[in-house]
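Engineer: This is the structure I have questions about; it appears just below.
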Amino acid sequence: MTIQLFNTLTGRIEELSPSDGKALRMYACGPTVYDYGHIGNFRTFLQVDVLRRFLKLEGITPKHVMNITDVDDKIIRNAAAAGVSISEYTQKYEKAFFEDLNALAVEKPEIIARATEHIPSMVALIEKLAAQDCAYKTEDGSWYFRIAKFPDYGKLSKKDFSGITDGARVDVDEYDKDSARDFALWKAPKPGERKWETALGPGRPGWHIECSAMATEYLGDSFDLHAGGEDLMFPHHENEIAQSESASHKTFAHHWFHVRFLLVEGRKMSKSEGNFYTLRDLLLKGHKASAIRMLLISVPYRQQLNFTFDGLAAETGAVERLRTFHERVRGVVPAPQENAELAAETAKSRESFHAALANDLNTAEARAAIFDLVRAGNAAIDAGTVGRENAAAMLAVLDDFDQVFAVLEDRDAEWTRAALDWAEREGRLGEASAEVVAQSALSDDQIQELVDERTQAKRARNFARADQIRNELAEKGILLEDSKDGVRWKRK
RNA sequence: GCACCGGUGGCGAAGUGGCUAACGCGCUGGUCUGCAAAACCAGUAUUCGCCGGUUCAAUCCCGGCCCGGUGCUCCA
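Residues in the first sequence are numbered from 20 upward in steps of one, following our numbering.
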């Protein structure tokens with residue numbers, strides 16, 4: 020099955036496949052590690068994760084590079100304010116970032132590239148640009164890219180800069196550059212700032228040159244796909260193209276993948292709106308990591324997603340239903356006969372699932388195909404008409420599903436616990452909801468003890484005591500389910 | 001202001017020029033259960049922002065309007 024994916028550069032849906040016949044070389048813009056990641060950040064990383072997981076499912080090996088921007092103006096400012104070194108400051112947030120990705124079941128890219136560890140390749144790239152008169156040094160010792168030397172500037176974001184004359188709207192003198200649009204490649208140090216001594220002079224890299232240099236170092240002058248949030252299209256990605264293609268005279272990335280922003284409760288997420296959430300905020304309020312992942316990937320990446328708490332609750336239920344079904348199928352007692360109708364439904368579900376993702380990563384349709392199977396499967400289990408092969412086939416489809424969606428394994432309590440431990444260390448335990456604290460205070464063993472006691476009470480037909488225990492547990496966010504094979508409990 | 005994207009049931013959301021407008025959650029009734037929960041069955045938009053147009057036929061195509069979002073500026 021060929022994978023069709025929208026390409027921002029051409030504005031069309033095009034086939035995605037490894038141009039070298041081996042690995043799909045992709046570069047995704049990573050975080051600037053100056054604070055904890057918010058759910059908008061994670062939507063992008065999750066959608067890229069869906070892409071790379073689907074590639075693997077289709078037998079394509081990704082070679083995925085993600086950068087970590089660990090030096091920039093905000094980092095320098097915040098580190099100074101906190102009175103720590105830049106590396107000390109960024110280490111904390113980089114660690115937090117990877118913990119968050121882990122909680123959201125985002126696979127680690129093959130290569131993680133820190134800006135501060137790639138200064139020599141950035142310097143080399145700037146020198147290469149300077150040799151072609153595409154870069155110039157200003158009086159303060161900074162280097163800029165000369166946009167006038169790159170006529171294709173604007174081809175990604177579809178902007179036409181030909182009509183813009185320098186000085187018309189912006190006072191060029193103020194910038195000490197040849198043209199107001201020219202962007203910094205290398206920034207001269209201000210007094211006391213972290214700086215690198217290089218052939219270009221002292222200073223630190225501009226943001227855009229990082230990605231160009233690191234992408235080229237690991238993936239070559241020309242590679243398959245470049246990903247990022249929609250806001251990066253201009254100027255960041257446009258600038259990457261200008262730098263890289265000016266230096267190499269080759270197409271930088273063939274395919275450009277941009278993930279749209281999300282809204283929170285119908286409004287743009289912002290601190291001033293009071294609807295700004297980090298992953299940790301949500302975990303402390305008792306939302307499950309799996310439900311957050313499910314919600315953030317269920318709306319196709321090119322659509323605006325409205326993140327709401329109702330939606331999050333709905334996804335919690337959806338994930339639960341999938342997990343329950345998965346367990347039911349695994350524990351099914353096979354009927355002597357195979358169910359031809361169910362076999363057909365299963366095959367159809369599998370086919371629709373793959374086709375939906377191959378069609379520009381339509382996660383909403385892919386998900387719908389799985390729920391069609393859930394319904395058919397549950398009905399057949401209830402009727403006792405699931406054969407051995409039926410069960411195996413359904414498990415295979417669920418396995419395919421989970422290789423991309425990654426929500427069936429329940430590690431939610433672990434991530435919530437980790438968030439609580441973090442909040443305690445940071446003195447932010449007050450932000451956790453009472454129910455989360457109560458629920459986490461109960462260990463699995465303690466819960467099991469109470470469940471066993473209730474089972475005894477039930478056997479003795481002491482329903483009052485049994486219901487009392489069930490209610491007490493419910494208050495602490497523990498739900499019980501009686502079934503033929505005993506009691507199943509779960510954290511709400 | 002200019003450019004681009006979107007407006008589908010109670011909520012989220014897919015989709016298509018004509019077939020019952022997916023799927024999830026919610027809600028109502030039923031089956032099952034000591035009671036619940038889970039699971040299943042049935043029901044839950046004569047209708048796809050508004051107004052025109054094209055067409056035998058439009059939610060889907062075209063034009064205008066209204067609303068939301070994004071980019072043009074640091075931002076995933």
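The beta carbon of each residue, even a glycine, is placed where N, CA and C say it ideally should be.
Report the residue from Asp379, Asn378, Ala412 and Leu376 whose alpha carbon sits nearest the alpha carbon of Val393.
Structural biologist: The option with the nearest alpha carbon to Val393 is Ala412.
Engineer: Go ahead and label Thr184 buried or exposed: buried means 16 or more other beta carbons lie within 10 angstroms of its beta carbon, across all protein chains shown.
Structural biologist: Only weak support is given to the placement of Thr184: the predicted model assigns it a pLDDT of 42, under 50, and the value that follows is read from those uncertain coordinates. Exposed is the call here.
Engineer: So what's His256 in DSSP terms, helix, strand or just coil?
Structural biologist: Residue state, collapsed to three classes: helix.
Engineer: Residue range of the beta strand (DSSP E) that Lys156 falls in?
Structural biologist: Unbroken beta strand (DSSP E) run through Lys156: Ala154 to Lys156.
Engineer: Within the continuous beta strand (DSSP E) that includes His273, where are the two ends?
Structural biologist: That run of the beta strand (DSSP E) goes Ala272 to Val278.
Engineer: Taking the C-alpha atoms as reference points, what is the distance between Phe344 and Ile400?
Structural biologist: Their Cα atoms are separated by approximately 10 Å.
Engineer: Closest by CA to Trp205, which one among Pro139, Lys269, His256 and Gly350?
Structural biologist: Among Pro139, Lys269, His256 and Gly350, the Cα nearest to that of Trp205 belongs to Pro139.
Engineer: For Pro139, name the three-state secondary structure that DSSP assigns.
Structural biologist: Of the three classes helix, strand and coil, the one that applies to Pro139 here is helix, per DSSP.
Engineer: Please name the residue in Ala359, Asp240 and Arg444 whose C-alpha comes closest to that of Tyr46.
Structural biologist: Taking only the C-alpha atoms, the option nearest Tyr46 is Asp240.
Engineer: Is Lys307 helix, strand or coil by DSSP?
Structural biologist: If DSSP states are grouped into helix, strand and coil, Lys307 belongs with coil.
Engineer: Return the chain-ordered list of same chain residues with a C-beta closer than 8 Å to the C-beta of His137, the five sequence neighbours on each side being excluded.
Structural biologist: Glu229, Ala232, Met233 and Glu236, listed in sequence order.
Engineer: Cα separation between Arg165 and Lys156?
Structural biologist: In a straight line, the C-alpha of Arg165 is about 10 Å away from that of Lys156.
Engineer: Measuring only the C-alpha atoms, how far is Cys153 from Arg299?
Structural biologist: Distance between the alpha carbons of Cys153 and Arg299 is about 44 Å.
Engineer: My output table needs one value for His268: the three-state DSSP class, helix, strand or coil.
Structural biologist: In the structure shown, His268 sits in coil (DSSP, three-state: anything other than H, G, I, E or B).
Engineer: What span of residues does the beta strand (DSSP E) with Glu216 cover, start to end?
Structural biologist: Per DSSP, Glu216 belongs to the beta strand (DSSP E) from Trp215 to Thr217.
Engineer: Could you tell me if Thr109 is buried or exposed, where buried requires 16 or more neighbouring beta carbons within 10 angstroms of its beta carbon?
Structural biologist: Per the 10 Å Cβ criterion, buried.
Engineer: Looking at the structure shown, is Ser502 part of a helix, part of a strand, or coil, going by DSSP?
Structural biologist: Here Ser502 sits in strand by DSSP.
Engineer: Expressed to the nearest angstrom, what Euclidean distance is found between the alpha-carbon atoms of Leu361 and Val351?
Structural biologist: Their backbone Cα atoms lie some 14 Å apart in a straight line.
Engineer: Specify the secondary structure class of Glu516 as computed by DSSP and reduced to three states.
Structural biologist: Residue numbering for the chain in the displayed model covers 20 to 511; residue 516 lies beyond these limits and cannot be assessed.
Engineer: In the DSSP output, which residue or residues are listed as bridge partners for Asn358?
Structural biologist: None, per the DSSP bridge assignment.
Engineer: Count Cβ pairs between the region 458-478 and the region 492-501 that sit closer than 8 Å; are there 3 or more?
Structural biologist: Counting Cβ pairs under 8 Å, three or more are found: they touch.
Engineer: Alpha carbon to alpha carbon, how far is Asn258 from His227?
Structural biologist: Asn258 and His227: Cα-Cα distance of roughly 6 Å.
Engineer: Would you call the region 373-393 and the region 311-324 in contact, with 3 or more CB pairs under 8 Å?
Structural biologist: In short, these stretches touch, since the Cβ pair count reaches three.
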